[in-house]
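Have a look at this one:
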């Protein structure tokens, strides 16, 4: 057995540095936070070769006094806390006293600083954590920190870094995020001598978010809500169907500190349930402000992870706020602030709507496939103009799948199945009991797969709550005595097995009843290949205009594709 030894100080330093400084991004993040703590109004960042060669962060903050400058690179030297209890009442980024210590341990470091009222500043030079010089320098008020030859004494760390371009890109994203969190501060980033980012230093959070995501500002919805007891959420979310296949552009902050949080991520995902196509993640910038004694940021040296005292309050509050904003985007406040006002007129139901592609109202109108098929045909309605000269007109059906609608100078292609599915889904949600049971005159016998059989046996009560009365009928067999009244009756045995299998296979973290509601809407919706009359198409489009959220079916697939005449003109080189 090997002898237990105390590690040398040099090894301890490098291990500790590795916990805080993983890459150039980590260095810039720690130095930015120090500048913000120093009340800087202007922060400039310069990097070369992705930050491995040089990182410079300069600010116009309060500076560091000459007596305290040598302490800055000592471990656990901090001005932010004095006792353990102070950890639960933090109003600053730094508190562990490890940032400059860790950076100095794996680089060649220069710290220049001057406080207001002094005639000159001081410069500290350190090499691998050891002070090699301390001299007087002329400089403006504030602090300039220069980090060169990062990881020069820990070569293995460089093997885990990405390309120079990737490392620089991470730093650019960091500056963009901080600019949103602190719009009152002007951030500037220069990469290899070229200015690549500069925030205006003005209070335009939504504009900065849109710039970060590379989208139009009117697609960003403002979020701000007081949850009580000192809890507040604010920020911005992006309107569906815009999304990404990854989470790299989801940003979360707690008390102005960038964090990673499974609770916050789940709250956003659940708020968008059914609004985004499968595979796409929401774009969001969420800031949670919470009393310091209700959150623990002292989980990891990088301070990226946090623990909430009341996770349920945070989850429910954030999910509800975002969901309500998305489905009630047609409110007057939203018209004025986030969304371009588009009005759609129709002579049988003229309303004003407020969404970039198509509008909607809060009223949900009953609509079903039976209604479509049995509705008496009416004369083709004329397009109706409203005061803004905006109209819609159904043009026809394409490939027995899509309804083509003209709206002003834009063509809308509407997926007839997805649109009807959305209509039925919202109808079922508003009904007191969409799963009323229908007693079968001739009970149906099921002999399902072992997987479905096990699912039935585990969910007798859940199935009764959605209108399915199923009883055991011998080994591996069942008898169905009641089904939901809206479930299609043709080939009922096959429909039931398919219905049960789809409920079983849904991976979404939603209730059993919600899964069943989505599937019921899907089963009853108009199918691809069904020919619709002009009257049926018009009624379907009108119903879609009246649901709370017409952009996607309950499973997240888009219902509407927009083709403006400007895009069409480009195809003809006009």
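Residue numbers (full-length UniProt numbering): 1 to 574. Glycine included, each C-beta is placed from N, C-alpha and C at the ideal position.
query	result
Candidates 296, 267, 272 and 273, of which the one nearest residue 312 by Cα	267
Residue 435 (DSSP reduced to helix, strand or coil)	coil
Residue 400 in three-state terms, based on DSSP	coil
Residue 533 versus residue 204 - alpha carbon distance	49 Å
Local Cβ density within 10 Å of residue 246, reported as buried at 16 or more and exposed below that	exposed
Contacts around residue 96, its chain only, beta-carbon distance under 6 Å, and the 5 residues preceding and following it disregarded	In this predicted model, residue 96 has a pLDDT of only 43, less than 50, meaning its place in the structure is not dependable enough to derive any value.
DSSP three-state assignment for residue 66, whether helix, strand or coil	coil
Span separating the alpha-carbon of residue 191 from that of residue 511	49 Å
Buried/exposed call for residue 422, threshold 16 Cβ in 10 Å	buried
Residue 165 versus residue 323 - alpha carbon distance	37 Å
Residue from 106, 485 and 206 whose Cα sits closest to the Cα of residue 126	106
Under the three-state DSSP convention, the category residue 335 falls into	Residue confidence is low: residue 335 scores 40 on pLDDT, short of 50, so the model does not pin down where it sits. Its coordinate-derived value is still stated next. Of the three classes helix, strand and coil, the one that applies to residue 335 here is helix, per DSSP.
Distance between residue 416 and residue 103 (C-alpha atoms, nearest Å)	59 Å
Contact set for residue 454: own chain, Cβ-Cβ below 7 Å, skip 5 residues either direction	none
For residue 265: DSSP bridge partner residues	Answer is none; residue 265 lacks a bridge partner.
Beta-carbon contacts of residue 158 that lie in its chain and below 6 Å, excluding the five residues immediately before and after	151
Residue 236 and residue 284 closer than 9 Å at C-beta	yes
Proximity below 9 Å, CB of residue 444 to CB of residue 519	no
Euclidean distance between Cα positions of residue 441 and residue 474	21 Å
Contact set for residue 257: own chain, Cβ-Cβ below 6 Å, skip 5 residues either direction	none
Per-residue DSSP class, three states only, for residue 443	strand
Rounded separation between residue 187 and residue 123 - CA only	24 Å
Backbone secondary structure at residue 284 - three-state DSSP	strand
Validate contact between the segment 478-496 and the segment 526-540 using beta carbons, cut 8 Å, 3 pairs	no
Other residues of its chain near residue 137: CB distance less than 7 Å, five sequence neighbours each side excluded	112, 120, 121, 122 and 123
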